[in-house]
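Novice:
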Amino acid sequence: MSEPNIAADQLRLLIERIERLEEEKKGIADDIRDVYGEAKATGWDVKTMRAIIRLRKMEKHDRLEAEALLETYKAALGLE
Numbered sequence: 033m034s035e036p037n038i039a040a041d042q043l044r045l046l047i048e049r050i051e052r053l054e055e056e057k058k059g060i061a062d063d064i065r066d067v068y069g070e071a072k073a074t075g076w077d078v079k080t081m082r083a084i085i086r087l088r089k090m091e092k093h094d095r096l097e098a099e100a101l102l103e104t105y106k107a108a109l110g111l112e
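Reading the sequence shown from the start, the letters are residues 33 to 112 in this note's numbering.
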């Protein structure tokens, strides 16, 4: 097999892997959407759940910093 054929085969395999992963990602996104729908149907506030998930992804220091900044902004705007 010549070098161009090997490179083309390698490229094709990489593209196919990416395509499979994109399909899996779509499936997971659909599953997540279903879970949010289930949560909403049972009375949970989905917007708040998304905010909690976003906070849980953050490092503790970053989360505390963001919360402090939010409190500062709220106080400056008279929302406290």
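Every residue, glycine too, gets a C-beta built ideally from N, C-alpha and C.
What do you reckon, are the CB atoms on residue 193 and residue 112 nearer than 7 Å?
Specialist: The structure shown does not extend to residue 193, since the chain is modelled only from 33 through 112, so no value can be given for it.
Novice: Can you give me the start and stop residues for the alpha helix (DSSP H) that residue 81 sits inside?
Specialist: Run containing residue 81: 78–89, per the alpha helix (DSSP H) assignment.
Novice: Helix, strand or coil: which one does DSSP assign to residue 109?
Specialist: Coil.
Novice: Let me know the secondary structure DSSP gives residue 74 once reduced to three states.
Specialist: Three-state result, residue 74: coil.
Novice: Quick check on residue 74 - is its C-beta less than 7 Å from some C-beta in chain B?
Specialist: The displayed structure is made up of one protein chain only, and chain B is not part of it.
Novice: Identify which residue in 53, 68 and 93 has its Cα closest to the Cα of residue 83.
Specialist: When each option's Cα is compared against that of residue 83, the closest is 68.
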